[in-house]
Amino acid sequence: MNLSELLLELFLMPLIAFLVGLTMVLWMRRIGARIQRRVGPPFLQPLYDVVKLFGKETQISHGILHDVGIIMAMGGYIAAEMLLPVPGMDGVAAYGGIITLTYLMMVPSLGLALGVGQCANPNGSIGISRALTAMLAYDVPFVIVIFGVAYHAGSANLIEIIDLQQQAGMAGWGVVEMPLLAIAGLITLQGSLGKQPFEIYVAPAEIATGPMVEMGGKYLGGLFVMQSFQFYTAAVLYVSLFLGGGESWFELLLKSFLVVTLPLSVAYLFPRYRTEDLVRLLWKWPVMIGLLGVAFVV
Amino acid sequence: MARVFDELTRFCQARSLFILHYCTGCGAIELPPVMTSRFDMERLGVSPMVTPRQADVLLVTGYVSIKTLKRVMLTYEQMGSPRYVIGICSCTVNGGMYWQSYATAKKLDEYLPVDLYIAGCMPRPEAVISGIRTLMQRIESGEADSWKEYYHNYDYYLGNQQKLFGPQWQTPVDVIGEAEQYGLLGPATRGTHTELLEQIQVPLQPLEMRL
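These protein sequence lines are chains A and B, in that order.
Start counting the first sequence at 170; every next residue gets the next number (my numbering).
Start counting the second sequence at 55; every next residue gets the next number (my numbering).
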């Protein structure tokens, strides 16, 4: 592959991720609306929101770190998209592997922590400390799941993991061969998407959306973009690990939308756990299921 | 090209309104049906937000007492422009049934520019939705720019605020500074009232750090 093709791929992968992610945000809002017996937002609503937020005339910044934090939050995911192989495009996935990807998926939370810290809003600080605690909680089972899958495939390279599953057919999918890890992964997915019942750090009624409390205009717009990347990354990673990736875009998108539908339909039916309960729950059940799964794999 | 871009932005602004509810009056009871399954304002792209920084529209429902008005002003000045204000219920229009009260602000638009009044005691959810649709049309056609009014006529609004709250009144937001930054200075931005403000204004101090 020559350099220009690679650069084109590195440009296209985040762009497609953004567009698909926006559709997933719409999907989330539609699911919520249907569960609450509402009509829900129109088709282009997430796009209207983002354009409007970036088009605000006064932008209130709280300092350099506030700006840098949002850039880190978006940039972490943009870098993660380049390591996430999709049909027809591998990007730099062959050089990165799943461990780099895991690392990059933590960068947005840290960037957000930097940005929120500069805002000096008590609600924001409470929110971000809860968000980092939640990250600590779901990263333990996440790492166990990643380790189990990588051990099973004998490789930490996502392209190889997907190829192995696709060659073996449906019976060779991760979800069939490692059902326990797939369950643990699903619970972790709920945590990493920050959806109810693991939504304590947003909590609009109690701490005024926590980390987002001082974000307006392009800063909130950046977070909206980040959220759409987050949905895409989480869904496509889960599909690559457990559902055999996608041989065509249609297959990949179908599977990813199925994957995000599960946590989202659960989300609108549940209230929140408190932070300590969240940590207890995530360190107990997914970790136990995950370790059991790893034991079977080994 | 710039005009096309402006129109696109206005098109999106009209279809995505984040509303901050300032609900201290009785009109607040008509808003839950507007949001939930019966009338569902999310299908118009309107969704509730919880902090002034995130919001585009400030919804003031019902009477505003003088103490409340201070909070309304603090909230309004923290919102990012373009920002719109909707006054719901008769009390925001002319004091309504609180006309003789010593403790309420009678006309909301003396203290901050109001884009739209939805009169009624209280207006039904249908009226609220029709009001929001009117605001959307005005945003899309570019008529709803009363937020610029606040910068252009800051002296007038500040004067009315000082009349109510006393000459010591000041907010953490430097409105004149913002107007300079974004090129929104008008002939009536500065005046006698802002001179008084500049005399007593205490610059914002960073918060003391302690555990």
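Just so it is clear, CB atoms sit at the ideal spot from N, CA and C, and this is done for glycine as well.
Cβ-based burial, residue i [other Cβ within 10 Å; buried from 16]
i	result
A/E346	buried
A/K364	buried
A/F311	buried
B/V100	buried
A/M480	Only positions 170 to 467 of chain A appear in this structure, which leaves residue 480 of chain A out of reach.
B/I83	exposed
B/I254	exposed
A/Q359	buried
A/V371	buried
B/I120	exposed
B/S195	exposed
B/C175	exposed
A/R207	buried
A/N171	exposed
B/W201	buried
A/Y307	buried
Residues that DSSP places opposite residue i in a beta bridge
i	result
B/G141	B/V114 and B/Y171
B/P102	B/I73
B/A181	Partner(s): none; B/A181 has no beta bridge.
B/A159	B/V118
A/V255	A/M258
Span of the beta strand (DSSP E) around residue i
i	result
B/F72	L71 to C77
Local conformation of residue i per DSSP, three classes
i	result
B/T243	coil
A/M241	helix
B/S119	strand
A/G360	helix
B/Y130	helix
B/S135	coil
A/L423	helix
B/A166	At residue 166 of chain B the sequence reads Leu, which differs from the Ala that was named. Coil, per DSSP.
B/G81	helix
A/E178	helix
A/V208	coil
B/P87	helix
A/A325	coil
A/L438	coil
A/L234	helix
A/F367	coil
B/E61	helix
B/L258	coil
A/L172	helix
B/D199	coil
A/Q228	coil
A/W196	helix
A/A337	helix
A/V382	coil
A/G266	helix
A/L431	helix
A/A353	helix
Limits of the unbroken alpha helix (DSSP H) element including residue i
i	result
A/M304	P291 to A322
A/F411	K387 to F411
A/L283	V276 to C288
B/D94	Looking at the DSSP string, B/D94 is not in any alpha helix (DSSP H), and its letter there is neither H nor E.
A/P160	With chain A running from 170 to 467 in the structure shown, residue 160 of chain A is simply not present.
A/F465	T444 to V466
A/M347	Segment: none, A/M347 is in no alpha helix (DSSP H) and carries neither H nor E.
B/N207	Looking at the DSSP string, B/N207 is not in any alpha helix (DSSP H), and its letter there is neither H nor E.
B/V229	V229 to Q235
A/E416	First-last for A/E416: undefined, no H or E at that position.
A/P373	P373 to I376
> Going along the stretch 213–238 of chain B in order, which residues come within less than 7 Å of chain A, judged by CB to CB distance?
Replying inline: E232 and Y236
> According to a CB-to-CB cut-off of less than 7 Å, which residues of the stretch 68–87 of chain B neighbour chain A?
Replying inline: Those residues of the stretch 68–87 of chain B that come within reach of chain A (Cβ to Cβ, closer than 7 Å) are R69 and S70.
> Listed from N- to C-terminal order along the chain, which residues in the stretch 220–243 of chain A have their beta-carbon within a distance smaller than 9 Å of any beta-carbon of chain B?
Replying inline: Using a CB distance below 9 Å, the part of the stretch 220–243 of chain A facing chain B consists of V220, K221, L222, F223, G224, K225, E226, T227, Q228 and I229, ordered along the chain.
> What residues in the stretch 359–372 of chain A have a beta carbon less than 9 Å from any beta carbon of chain B?
Replying inline: none
> According to a CB-to-CB cut-off of less than 7 Å, which residues of the stretch 94–120 of chain B neighbour chain A?
Replying inline: D94, E96, R97, G99, V104, T105, R107 and Q108
> Using Cβ-Cβ distances below 7 Å, what residues of the stretch 126–137 of chain B are close to chain A?
Replying inline: G134, S135 and P136
> Got a sec: which bits of the stretch 371–394 of chain A sit with their beta carbon under 9 Å from any beta carbon on chain B, in order along the chain?
Replying inline: P373, A374, A377, T378, M381, V382, E383, M384, G385, G386, Y388 and L389
> In the stretch 287–318 of chain A, which residues sit with their C-beta less than 7 Å from some C-beta in chain B, listed in chain order?
Replying inline: A289
> What residues in the stretch 174–200 of chain B have a beta carbon less than 7 Å from any beta carbon of chain A?
Replying inline: none
>> Give me the subset of the stretch 151–170 of chain B whose CB atoms are less than 8 Å from a CB atom of chain A, sorted by chain position.
In response: none
> In the stretch 195–212 of chain A, which residues sit with their C-beta less than 8 Å from some C-beta in chain B, listed in chain order?
Replying inline: Listed in sequence order: R198, A202, Q205, R206, R207, V208, G209, P210 and P211.
>> If the cut-off is 9 Å on Cβ atoms, which residues from the stretch 323–353 of chain A count as contacting chain B, listed in chain order?
In response: none
> When Cβ atoms are compared, which residues of the stretch 419–444 of chain A fall closer than 7 Å to chain B?
Replying inline: none
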